[in-house]
Amino acid sequence: MSISLAISKQLAQSCYPDSPVSIDSFKSWRRKEKVVVVMGATGTGKSRLSIDLASCFPAEVINSDKIQVYQGLDIVTNKVTKDETSGIPHHLLGVVDQESDFTSTDFRYLATHALGSIVGRNHLPIIAGGSNSYIEHLVDDNELGFRAKYDCCFLWVDVSLPVLHSFVSDRVDRMVEMGLVDEVRRLFKPDGDYSRGIRRAIGVPEMDWYLRTEAYANGKTRLRMLEEAVDEIKVNTCTLARRQLEKIRRLQSLPGWKVHRLDATDVLRMHGRQADKAWDNLIAKPSSMIVGQFLYDDGNAYRKFCRPAIVARGIPVAAGTH
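The sequence shown begins at 345 in the working numbering and counts up by one.
This is the structure in structure tokens:
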């Protein structure tokens, strides 16, 4: 199944009024700066939702995926393309040297700097990515005093594991078709360290044996080894998804982590325009309402300041946790 990010452009046209909305319009409703955090397992649509929301509110996105911070391997790491960002500024995306050992401490430092820069421009920061431990360390770090400065709205794009596993498997096949093998081959070093830097990315260690032996194996053997490597990538990606879900459920149970769950299972079961329509109705619209109420603390304020076409399209004002 292919889910297009082009809907963010449609949202930008349909939910904005003729003149841009300013974050100044809701400053009188807040006591602290506000931040939206988009969480979810790999493949659930976190990037897409962050772009959709940033098309409805004056916002910028901070990447919180520990592998997407690195330069290169755009196919393997499934980075959003320049076209897919729809002109929304993205921070911490493809900015770290491939050999560096980027840690949660590094993330907290760079994310804190990005947050200050974004709110300084009167924009809304949207943190999006699959590294939930990085998000937890940022939000609950006592030394940083994050919660004393910011109110958070946590959105969780969820998909049932059987459906997600099928989608992830298909996505890996598409990544191979797009050139995953050649991309990893260009990075390959016989003495490369798979415990640090971008080589930790799922899709890199799994290709090691194939790349070491492809020059000496016959065609049939090479095909078999490649299939085994791709299968291992699929298994490891599904394992990652399960661990990410376990982490989100743990965070959801903690004080101060009111997480709004949005079920995208039906979206991943569909294709083409049907999938886009389901995404709009099940994820994009409810999320925009949740964020609008979070920003303005009041449904009437949301009607006043958010782009009126959303309300005109019949989205309920009293949207809650899904």
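For every residue, glycine included, the Cβ atom is placed at its ideal position computed from N, Cα and C.
_Entirely enclosed alpha helix (DSSP H) segments - the segment 445-482, minimum 4 residues_ = 448-464
_Buried or exposed, going by whether 16 or more other CB atoms sit within 10 Å of the CB of LEU612?_
buried
*According to the neighbour-count rule (16 or more other Cβ atoms, all chains shown, within 10 Å of its Cβ), is TYR560 buried or exposed?*
exposed
*Exposed or buried, what is HIS457 when buried is set at 16 or more other beta-carbons lying within 10 Å of its beta-carbon?*
exposed
*Can you give me the start and stop residues for the beta strand (DSSP E) that GLY489 sits inside?*
Where GLY489 is concerned, there is no enclosing beta strand (DSSP E), given that its DSSP letter is neither H nor E.
*asked:* What would DSSP say about HIS509, mapped onto helix, strand or coil?
replied: helix
_Between which residues of its own chain and LEU436 is the CB-CB distance below 7 Å, once the five residues before and five after are set aside?_
ILE406, ASN407, VAL413, LEU454, ALA455 and ALA458
*So, are the CB atoms of ILE411 and ARG586 less than 8 Å apart?*
no
*Based on Cα-Cα distance, which residue from VAL380, VAL379 and THR388 lies nearest to ASP610?*
THR388
*Nearest-angstrom Cβ-Cβ length linking LEU468 and PRO402, presumed shorter than 8 Å*: 6 Å
*Answer yes or no: do LYS621 and SER477 have a C-beta to C-beta separation smaller than 8 Å?*
no
*Going straight from the alpha carbon of GLU558 to that of SER430, what length do you get?*
40 Å
*Which residue from LYS602, ALA385, VAL424 and ILE471 puts its Cα closest to that of GLU404?*
ILE471
*Give the secondary structure of VAL640 by DSSP, where H, G and I count as helix, E and B as strand, and everything else as coil.*
Looking at the sequence shown, residue 640 is not Val but Tyr. DSSP places TYR640 in helix when its eight states are reduced to three.
*For THR447, which of GLY460, SER539 and TYR494 has the nearest alpha-carbon?*
SER539
*Would you be able to state if there are at least three C-beta pairs under 8 Å between the segment 618-638 and the segment 512-529?*
no
_Residues near VAL603 in its chain [Cβ-Cβ closer than 6 Å; skip 5 each side]_ = PHE498, TRP500 and GLN596
*Quick check: the segment 413-422 against the segment 502-514, are there 3 or more CB pairs under 8 Å?*
no
_Whole alpha helix (DSSP H) elements within the segment 597-633, 4-residue minimum_ = 609-613 and 616-623
*Can you check whether the CB of ILE479 is closer than 8 Å to the CB of VAL381?*
yes
*Which residues mark the beginning and the end of the beta strand (DSSP E) in which LYS378 is found?*
377-384
_Considering only DSSP beta bridges, list what ILE406 is partnered with._
HIS435 and ILE471
*For ASP427, the first and last residue of its enclosing alpha helix (DSSP H)*: Segment: none, ASP427 is in no alpha helix (DSSP H) and carries neither H nor E.
*For ASP607, which residues of its own chain have a beta-carbon under 6 Å away from its beta-carbon, when the five flanking residues on both sides are left out?*
ASP502
*Endpoints, the alpha helix (DSSP H) within which ASP552 is located*: 552-557
*So what does CYS582 bridge to, in DSSP terms?*
Answer is none; CYS582 lacks a bridge partner.
_Opposing strand residues paired with ASP495 [DSSP bridges]_ = LYS378
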